[in-house]
Amino acid sequence: MPFASSGNRGDLIRPDVSRERLAVIDLSASGRRWSCAKLDAAAEGFAASLVRAPLATNARVAILAENCAEYLIAYMGTMRAGCVSVPVNHRLPPDTVRYILADCRAELCVVDAAREALVPPALARIVMRSPGAAALEARGPAASPAARRTPPPTGEILYTSGSTGRPKGVVLSHAGQLWALGVHVGATPTAGERSLIVAPLYHMNALFNVSVCLLNAIEVVLMPRFDAVAYLKAAAEYRCTLLSGIPTMFALMARQRELLATLDLSSVKAVTIGSAPLTEALVARVQEMFPQAAISNGYGTTEAGPSIFEDHPQGLPRPLLSLGYPLPDVEVRLVGGTGDEGVLEVRSPAMFTEYLNLPQVTGAKLRDGWYDTGDVMRRDGSGFYYFTGRADDMFVCGGENVYPLEIEKMLERHPAVLQAAVVPVPDEIKGEIPIAFVVLRDRNLPLEELKRFALEAGPAFSHPRAFVVVDELPVASTHKLDKVPLKTLALEAAKALKR
182 MPFASSGNRG DLIRPDVSRE RLAVIDLSAS GRRWSCAKLD AAAEGFAASL VRAPLATNAR
242 VAILAENCAE YLIAYMGTMR AGCVSVPVNH RLPPDTVRYI LADCRAELCV VDAAREALVP
302 PALARIVMRS PGAAALEARG PAASPAARRT PPPTGEILYT SGSTGRPKGV VLSHAGQLWA
362 LGVHVGATPT AGERSLIVAP LYHMNALFNV SVCLLNAIEV VLMPRFDAVA YLKAAAEYRC
422 TLLSGIPTMF ALMARQRELL ATLDLSSVKA VTIGSAPLTE ALVARVQEMF PQAAISNGYG
482 TTEAGPSIFE DHPQGLPRPL LSLGYPLPDV EVRLVGGTGD EGVLEVRSPA MFTEYLNLPQ
542 VTGAKLRDGW YDTGDVMRRD GSGFYYFTGR ADDMFVCGGE NVYPLEIEKM LERHPAVLQA
602 AVVPVPDEIK GEIPIAFVVL RDRNLPLEEL KRFALEAGPA FSHPRAFVVV DELPVASTHK
662 LDKVPLKTLA LEAAKALKR
């Protein structure tokens, strides 16, 4: 581990950085600036308030809010106090939020004013930016240094999105997450870099990126929520050098052609896209938006850690869409397929401990230290890995295995297609057939042209049997593509084929 870790996941301000150095620009508070000293003091003060409360070691503190500096203060301070941080997805239905608060046995909830109504009356809370939130501001008696306690093994619990059932609490250790951070943190602070973070802080993608930035002394411009226009304007105004996000975000940005023509985005020199499948067409559009930037395809899981792949050890250039080469301390294997294609299983120092209160589910997904990701991958001759699709997304059409992602990538190669989503529907003859939803640059494009393109560009068995043009594709609370609402529409499109 190249940086001097304290052993506590909450210590994200490194001691060898100038205390007056800028740490965070909080766009939820009109661009309020937090120095390293101020952010560190606020986190220490919040930790002290938890110790004095008193909250016992291992007590769970939920955080329910949009992105803001106070979120980071609560996140860091909770773990510094020896308690467990539980970021909660505030975009979930109210009953699901309350389920999570009960499931993790939260003893305190740090919440913004807009979401206080989601907190059960019996649960203690601190409302951000209220008179009772002095502990989050490093002001008054709450700012006294914390009496440090030895933390428990568990540092945080992150909940899954719940797209296939109730959200599951992923229990993560201090040691495992610090190992993952160590992969990306240099021995000396970074100079002259500024990262724009907008992914929600209840998601591993954003939490890990912010942590890497703070530990590298990279300035963070923190946005409360995603809006394509606001994001692009912020990147230009604050001269951000590093961008990260998921494919859906960048696809929405690419549609802002008139705005893009007016902005100077030449400061952007690196773009990392992850947490969802990436296509060649989107990479090309992102490169067009940020011509000076190197674009990389990121991959990680909450359960097995955000650090799995890296650059090739022999310096081979990473191919387009490749996730990279496995890290030296990470074991990977492909199962259930051919030698070079199958479901990825991972064994990593950053492995989660368990799914909270779900021993049977844990046992099914984590066996002998190996985590079943459910992601189908292929490996090329140089050892680079590529995402093919989710094992549970695969369907059989006329006896052939079909992955929706492969069809989506093919469709997005058409110059008129901005985004594509494919869902299967039952068919009496073929078993299941694909239906495609497309966002077009020109809605007047004849769909027969798309059908011809699909038949020429891909295997005949996988061509979409129907196309549905939409203004935009639905997204889930994590900003990822949400195909659930499309399934009903796909069934209707399939019925129309039979008329």
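Those letters in the sequence shown? Residues 182 to 680, by the working numbering. Heads up, the beta-carbon is just placed ideally off N, CA and C, and yes, glycines get one too.
Rounded separation between residue i and residue j - CA only
| i | j | result |
| --- | --- | --- |
| Y280 | G350 | 11 Å |
| I194 | A224 | 10 Å |
| F389 | A485 | 13 Å |
| I489 | V292 | 33 Å |
| Q437 | A240 | 45 Å |
| P645 | P235 | 60 Å |
| R406 | H660 | 10 Å |
| N189 | P302 | 32 Å |
| D207 | W215 | 8 Å |
| P500 | A462 | 15 Å |
| A295 | V577 | 45 Å |
| K679 | P274 | 37 Å |
| G518 | S311 | 56 Å |
| Q541 | L508 | 29 Å |
| I338 | L537 | 8 Å |
| N248 | A210 | 10 Å |
| A361 | V265 | 18 Å |
| F568 | E587 | 10 Å |
| V198 | V401 | 15 Å |
| D608 | S643 | 13 Å |
| K676 | D510 | 51 Å |
| S342 | I307 | 25 Å |
| P322 | G258 | Note that P322 scores 48 on pLDDT, short of 50, meaning its location in the model is unreliable; the coordinates nonetheless yield the value given after this. Approximately 16 Å between the Cα atoms of the pair. |
| L662 | P458 | 10 Å |
| G212 | T331 | 35 Å |
| V656 | V464 | 20 Å |
| I399 | L413 | 19 Å |
| V391 | P487 | 13 Å |
| P627 | M309 | 52 Å |
Residue range of the unbroken beta strand (DSSP E) whose run includes residue i
| i | result |
| --- | --- |
| F576 | F576 to C578 |
| A641 | Counting along the chain, A641 falls outside any beta strand (DSSP E), and DSSP gives it neither H nor E. |
| N478 | A475 to N478 |
| C290 | A287 to V292 |
| I254 | Unbroken run through I254 is the alpha helix (DSSP H), A250 to R261; no beta strand (DSSP E). |
| A361 | Segment H355 to H365 is the alpha helix (DSSP H) holding A361; no beta strand (DSSP E) there. |
| E484 | No beta strand (DSSP E) holds E484; DSSP gives it neither H nor E. |
| P268 | V265 to P268 |
| L203 | L203 to D207 |
| T335 | T335 to Y340 |
| E522 | E522 to R528 |
Element boundaries [alpha helix (DSSP H), containing residue i]
| i | result |
| --- | --- |
| S186 | It is not in any alpha helix (DSSP H) - S186 carries neither H nor E in the DSSP assignment. |
| C400 | Rather than Cys, the amino acid found at residue 400 in this sequence is Glu. Run containing E400: none in the alpha helix (DSSP H); it sits in the beta strand (DSSP E), E400 to L403. |
| M430 | P428 to A435 |
| M532 | First-last for M532: undefined, no H or E at that position. |
| L586 | P585 to L592 |
| A411 | A409 to E418 |
| T669 | V665 to L678 |
| R466 | E461 to M470 |
Pick from the options that is closest to residue i, judged by C-alpha positions
| i | options | result |
| --- | --- | --- |
| L539 | E609, A305, V352 and E630 | V352 |
| K219 | E251, L628 and N189 | E251 |
| D221 | I254, T238, A237 and L208 | I254 |
| I614 | A647, L599 and V267 | A647 |
| K590 | G580, R310, A602 and A298 | A602 |
| P472 | A531, S448, L502 and P381 | S448 |
| A617 | N625, K632 and L626 | K632 |
| G226 | E201, G191 and G580 | G191 |
| N625 | D608, V604, A597 and S643 | A597 |
| G505 | M532, E512 and S477 | S477 |
| F431 | Y419, A409, L444 and E418 | A409 |
| A237 | P487, I244 and R261 | R261 |
| R681 | L359, V604, H595 and G544 | Lying outside 182 to 680, the shown extent of the chain, residue 681 is not represented and no answer is given. |
| E318 | A229, L395 and E297 | A229 |
| A564 | P666, G496, H365 and Y383 | Looking at the sequence itself, residue 564 is Gly, so the reference to Ala does not match. Minimum Cα distance to G564 is reached at G496. |
| A305 | A356, R272, L245 and A416 | L245 |
| D573 | Y584, G579, Y566 and G580 | Y584 |
| Q358 | G313, Y480, T534 and A474 | T534 |
| A435 | V205, L667, E653 and R200 | E653 |
Residue i CB to nearest heavy atom of the ligand COA below 6 Å
| i | result |
| --- | --- |
| A228 | The ligand COA is absent from the structure shown, which contains no ligands of any kind. |
Do the stretch 408–427 and the stretch 447–459 touch if we need at least three Cβ pairs shorter than 8 Å?
yes
Hey, which unbroken runs of the beta strand (DSSP E) at 3 residues or more fall wholly within the stretch 597–626?
598–608 and 612–621
Hey, is the stretch 284–302 in contact with the stretch 374–390, meaning 3+ C-beta pairs nearer than 8 Å?
Three or more Cβ pairs closer than 8 Å define a contact, and the stretch 284–302 falls short of that threshold against the stretch 374–390.
Does the stretch 521–539 come within contact of the stretch 548–563, defined as at least 3 CB pairs closer than 8 Å?
Yes, the stretch 521–539 is in contact with the stretch 548–563.
Inspect the CB distances between the stretch 649–669 and the stretch 634–641 and report whether three or more fall short of 8 Å.
The stretch 649–669 is not in contact with the stretch 634–641.
To test your reading of the DSSP string, which unbroken beta strand (DSSP E) runs of 3 or more residues are found completely within the stretch 220–250?
241–245
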